[in-house]
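Residue numbers (this note's numbering): 8 to 256.
Note sheet for the following structure.
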Ligand SMILES: C[S@@+](CC[C@H](N)C(=O)[O-])C[C@H]1O[C@@H](n2cnc3c(N)ncnc32)[C@H](O)[C@@H]1O
């Protein structure tokens, strides 16, 4: 396996802080690790309000953020949930965050995020009611010449709410709780083979009941994931990219 270095590109609107390309021994792309805080393909606020309503009577919700890359996605979930659900947030934590790539998990557990593009800091501000300091020590970074960036060091208020572990979803899917599980598996389906996509959709449908949710991303639509999930019985909810089994009437 070959791994390219984290991109050192100068400012581009699409700048991302963890964007490695993982290749097999023959140079074929296995997957990219691209991720960032509050990825803009998703309506985080609408989704989190839906969580609050759907699980208002549930004592515990099993949040699983698979293919979490270097941790920006599960950390976004913690901040967004606390901001919008307040005292009702605790039942969503800890978030179980997993990724097949050991380097990603190492990065997620280490002391902080370096050279985070200024636009991402603004997204964090908007989604924390301007309370970034609750979650991060923030310093201006000199990592890039032509882009304003910051070093973000997560505080324990954030870290304590996420458990990171290296894992392949195909093994984990066997042990995911049937009920009240919210599975994030976003912006990764195109890296699976057609056979694997169908196999995973079937497993999820068989393992989950109507109280659980599957969340995908815009990149996944390149792999026809909407049709694969719906052909296997899932229906899309009122929130784009969020699927469940049809509710029993
Ligand atoms: C493009 S990133 C998506 C990160 C994040 N979910 C997001 O949307 O910002 C794709 C991630 O999928 C992970 N991945 C690929 N195959 C996987 C598998 N079988 N199980 C778990 N993670 C996997 C890769 O390591 C990579 O970090």
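Ideal Cβ placement from N, Cα and C applies to all residues, glycine included.
Computed from a predicted model, the values in this text were never measured in an experiment.
Residue i (DSSP reduced to helix, strand or coil)
i           : result
residue 104 : strand
residue 166 : helix
residue 187 : coil
residue 233 : helix
residue 238 : helix
residue 87  : helix
residue 225 : helix
residue 217 : coil
residue 16  : For residue 16, the pLDDT reaches just 39, beneath the cut-off of 50, and the residue's location in the model is therefore unreliable, although a value from the coordinates is still provided. DSSP places residue 16 in coil when its eight states are reduced to three.
residue 171 : strand
residue 248 : coil
residue 133 : helix
residue 195 : coil
residue 182 : helix
residue 125 : helix
residue 26  : coil
Any non-hydrogen atom of ligand 1 closer than 8 Å to residue i Cβ
i           : result
residue 191 : yes
residue 232 : no
residue 137 : no
residue 76  : yes
residue 28  : no
residue 288 : Residue 288 cannot be examined here, being either before or after the span of the chain that is shown, 8 to 256.
residue 174 : yes
residue 242 : no
residue 199 : yes
residue 38  : yes
residue 106 : yes
residue 181 : no
residue 41  : yes
residue 99  : no
residue 177 : yes
residue 46  : yes
residue 79  : yes
residue 134 : no
Distance cut-off 8 Å: residue i Cβ against heavy atoms of ligand 2
i           : result
residue 224 : Of the ligands this structure carries, namely ligand 1, none is ligand 2.
Buried or exposed (CB count within 10 angstroms, at least 16 for buried), residue i
i           : result
residue 77  : buried
residue 2   : In the structure as shown, the chain starts at 8 and stops at 256, and residue 2 therefore has no counterpart that could be examined.
residue 253 : exposed
residue 238 : exposed
residue 31  : exposed
residue 16  : Bear in mind that a pLDDT of 39 at residue 16, under 50, signals an unreliable position, so the model cannot answer this.
residue 156 : buried
residue 40  : buried
residue 140 : exposed
residue 257 : This structure leaves residue 257 out entirely; the chain is present only between 8 and 256.
residue 153 : exposed
residue 265 : Outside the modelled stretch of the chain, which goes from 8 to 256, sits residue 265, for which no answer is possible.
residue 106 : buried
Does the region 179–197 come close enough to the region 115–135 that 3 or more CB-CB pairs lie under 8 Å?
The answer is no - the region 179–197 does not touch the region 115–135, with fewer than three Cβ pairs under 8 Å.
Does the region 170–178 come into contact with the region 131–150, if we say contact requires no fewer than three beta-carbon pairs (one atom in each stretch) closer than 8 Å?
Taking 8 Å as the limit for Cβ pairs, the verdict is that the region 131–150 does not touch the region 170–178.
Would you say the region 57–66 touches the region 142–154, given that touching needs at least three Cβ pairs under 8 Å?
The answer is no - the region 142–154 does not touch the region 57–66, with fewer than three Cβ pairs under 8 Å.
Count the CB pairs spanning the region 158–170 and the region 197–205 that are closer than 8 Å, and state whether there are at least three.
Too few Cβ pairs lie closer than 8 Å, so no.
Mind the definition here: the region 241–256 touches the region 216–229 only if three or more C-beta pairs lie below 8 Å; say whether that holds.
As far as the Cβ criterion goes, the region 241–256 touches the region 216–229, which means the pair count is three or higher.
How about the region 70–84 and the region 94–114: do they share at least three Cβ pairs that are nearer than 8 Å?
Look at the beta carbons and you see the region 70–84 touching the region 94–114: at least three pairs across the two are nearer than 8 Å.
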